[in-house]
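Be aware that the sequence shown starts at 506, since it is given in my numbering, and climbs by one per residue.
For glycine and all other residues, C-beta sits at the position ideal for the given N, C-alpha and C.
Note that this is a predicted model, so its numbers are computed, not measured.
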Amino acid sequence: MNAQQDAFDLNIINYSDKPDANIEHLHLLSLTNNSNKVMNYNISSQEIICKTEYDDVVRNKIGHVDSNKDVSVNEKISSSLTVEIYNKTLSKKIDQMILNPNESIEFYVKITRHNNTEMGTSKCFKIATHLLDNETIGKYVIIRAFIPNPNILRH
C-alpha cells in the first residue's frame, strides 16, 4: 500500500438514526490527517450500483483505498435522492477541507429523498476523499439508503 494512502483516514462515525421512511437522513463522518503536514482534500459523492457486500454496515464504516476499480458506477442513474456534504454545524456545504497535521474533522452527509423516488429499493453512494494535489490518492466509504414501500407491512 502506498504510504500516502495511510496519510489520512475516512470513516463513518454514525449512520442516520432516523427511520428509513424519513425523507432526510444525516450521516456523521470523519476525516483524519495522519501526516505531519497540512493536507488539502476534495470530498465527493457518487451513486453507484448496490452490491450485496454493501449490506455490511460495519465494513462500510471504514475507509477503503479508492482505486476507482472497487465500485461499479451506474452511468445512467438519474437519482431521485440528493446527496449533500455539510460541515459539522450544518451551516455550510463543503467539497474541500484543509486539515492540519494529526487533525480530525467531522462532517455530515445529508441524503434527501424526492417525491418521485422508487419505493422498495436501495440506493448506494460512494463518499470519497482525495488529496487535492494528487487525485490518485483517495479513500471512500459506502452509504446504502433504503427507500421503504409504505404499502408493505413493516416498511
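Bridge partners - residue i, DSSP secondary structure assignment
i: I569; result: At residue 569 the sequence reads His, which differs from the Ile that was named. Note: H569 sits in a beta bridge opposite Y645.
i: D514; result: T537
Candidates the options: closest to residue i by CA position
i: V614; options: V570, E529, D525 and N620; result: E529
i: L533; options: A526, N516 and K542; result: N516
i: E526; options: K644, N538 and M624; result: A quick correction: the sequence has Ala, not Glu, at residue 526. Answer by Cα proximity: M624.
i: I632; options: D522, D511, S535 and P524; result: S535
i: L593; options: L531, I603, V543 and F612; result: The question names Leu, but residue 593 is Lys in the sequence shown. Here the closest residue by C-alpha is F612.
i: D600; options: Y546, E552 and D514; result: Y546
i: R618; options: K597, I603, S585 and S609; result: S585
i: V562; options: I603, N519 and Y591; result: N519
Min CB distance residue i to chain C below 9 Å
i: T622; result: Among the chains in the structure shown there is no chain C, since it carries only a single protein chain.
Contact belief for residue i with residue j at Cβ below 8 Å, rounded distance in angstroms
i: N703; j: I642; result: It is not possible to answer for residue 703, since the shown part of the chain is limited to 506 through 660.
i: I616; j: V588; result: 5 Å
i: S666; j: P606; result: Residue 666 lies beyond the residue range present for the chain, which begins at 506 and ends at 660; the question has no answer from this structure.
Check whether the segment 613-633 touches the segment 648-656, counting contact only when three or more Cβ pairs, one atom from each stretch, lie closer than 8 Å. yes
May I ask you to verify whether the segment 634-646 touches the segment 554-563, counting CB pairs closer than 8 Å and requiring at least 3? no
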